[in-house]
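Novice:
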Ligand SMILES: Nc1ncnc2c1ncn2[C@@H]1O[C@H](COP(=O)(O)OP(=O)(O)OP(=O)(O)O)[C@@H](O)[C@H]1O
Ligand SMILES: [Mg+2]
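Residue numbers (the UniProt record's numbering): 1 to 225.
1. Per DSSP, what kind of secondary structure is residue 214 in: helix, strand or coil?
2. Is it right to say residue 202 is buried, meaning 16 or more other beta carbons lie within 10 angstroms of its own, or is it exposed?
3. How would you call residue 103, buried or exposed, if buried means at least 16 neighbouring beta carbons within 10 angstroms?
4. Looking at ligand 2, does it come within less than 7 Å of residue 127, judged from the CB to the closest heavy atom?
5. With the cut-off set at 8 Å, would you say residue 213 and residue 222 are in Cβ contact?
6. Just to check, is the beta-carbon of residue 44 closer than 7 Å to a non-hydrogen atom of ligand 2?
7. Shorter than 7 Å, the distance from the beta carbon of residue 41 to the closest heavy atom of ligand 1, or not?
8. Quick check on this structure: which residue in 11, 14, 41, 4 has the alpha carbon closest to the alpha carbon of residue 215?
9. So residue 154 and residue 131 are supposed to be a Cβ contact under 8 Å. How far apart are they, rounded?
10. At 3 residues or longer, and completely inside the stretch 43-94: list those beta strand (DSSP E) runs for me, N to C.
11. Just to confirm, does residue 200 get its C-beta within under 7 Å of one of the non-hydrogen atoms of ligand 2?
12. Assign residue 59 to one of two classes, buried (16 or more other C-beta atoms within 10 Å of its C-beta) or exposed (fewer than that).
13. CB residue 198 to CB residue 1, shorter than 8 Å?
14. Ignore the nearest five residues each way along the sequence and tell me which others in residue 63's own chain have a CB closer than 6 Å to its CB.
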């Protein structure tokens with residue numbers, strides 16, 4: 001599903017060059033739940049931005065469903081982002097004045113596909129993350145954990161090929177974090193492909209496999225189950 005071969009990424013700020021990814025190689029298979037583990041500030045978000053086609057690598061090859069991402073134009077990249085990838089962020093990224101239901105529906109608006117049963121589908125996903133009673137609440141009326149559940153339901157609405165999560169529990173207390181990881185485990189059992197990047201080993205341990213990054217490269221992989 002995902003194949004990273006010797007991916008590098010550097011940034012230039014003024015005269016300073018920062019090499020963040022220095023040759024990252026790994027694969028994620030369809031149906032897998034993998035975690036990428038790296039300390040703070042060492043390139044997790046950068047890696048996820050490349051994975052999510054939000055940013056191009058400086059060099060190396062990236063295959064997504066056997067398609068060479070390097071060869072695609074901006075329209076093709078946004079098509080992949082909108083239809084194939086569900087994003088979950090550390091800060092939830094919900095629209096403030098908008099109900100949980102409409103937040104979940106938002107990706108459909110961007111993707112230009114609006115099935116007749118969209119509302120029903122969105123309600124069903126909100127129900128599946130335990131928010132049946134909250135579908136008309138706005139983000140400010142929800143707890144952090146509940147907001148992240150809305151974000152997960154939003155990530156599911158397009159039936160993405162993969163869910164990419166960047167420190168999805170970084171802003172949550174231990175209990176809510178555990179509940180969110182249980183939701184990811186359930187989604188994985190249902191057959192979804194999930195990739196979480198985190199600096200927290202307890203979060204990474206929810207996955208089946210941990211890919212450890214060090215100094216911009218894969219240091220080792222650990223298979224947990
Ligand atoms: N657009 C950019 N321009 C210049 N440098 C950048 C840019 N984006 C990231 N960096 C640098 O790349 C490095 C890695 O940043 P990144 O956000 O990927 O780390 P992270 O592992 O996600 O950190 P955190 O755990 O704090 O979220 C940092 O040193 C950062 O300053
Ligand atoms: Mg980050």
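Here a beta-carbon is modelled for each residue, glycine too, at the ideal position from N, C-alpha and C.
Treat the numbers as computed from the prediction; the structure is a model and nothing was measured.
Specialist: Let me spell this out:
1. strand
2. exposed
3. buried
4. no
5. no
6. yes
7. yes
8. 41
9. Wrong, their Cβ atoms sit about 11 Å apart, outside the cutoff.
10. 59-64, 85-88
11. no
12. exposed
13. no
14. 3
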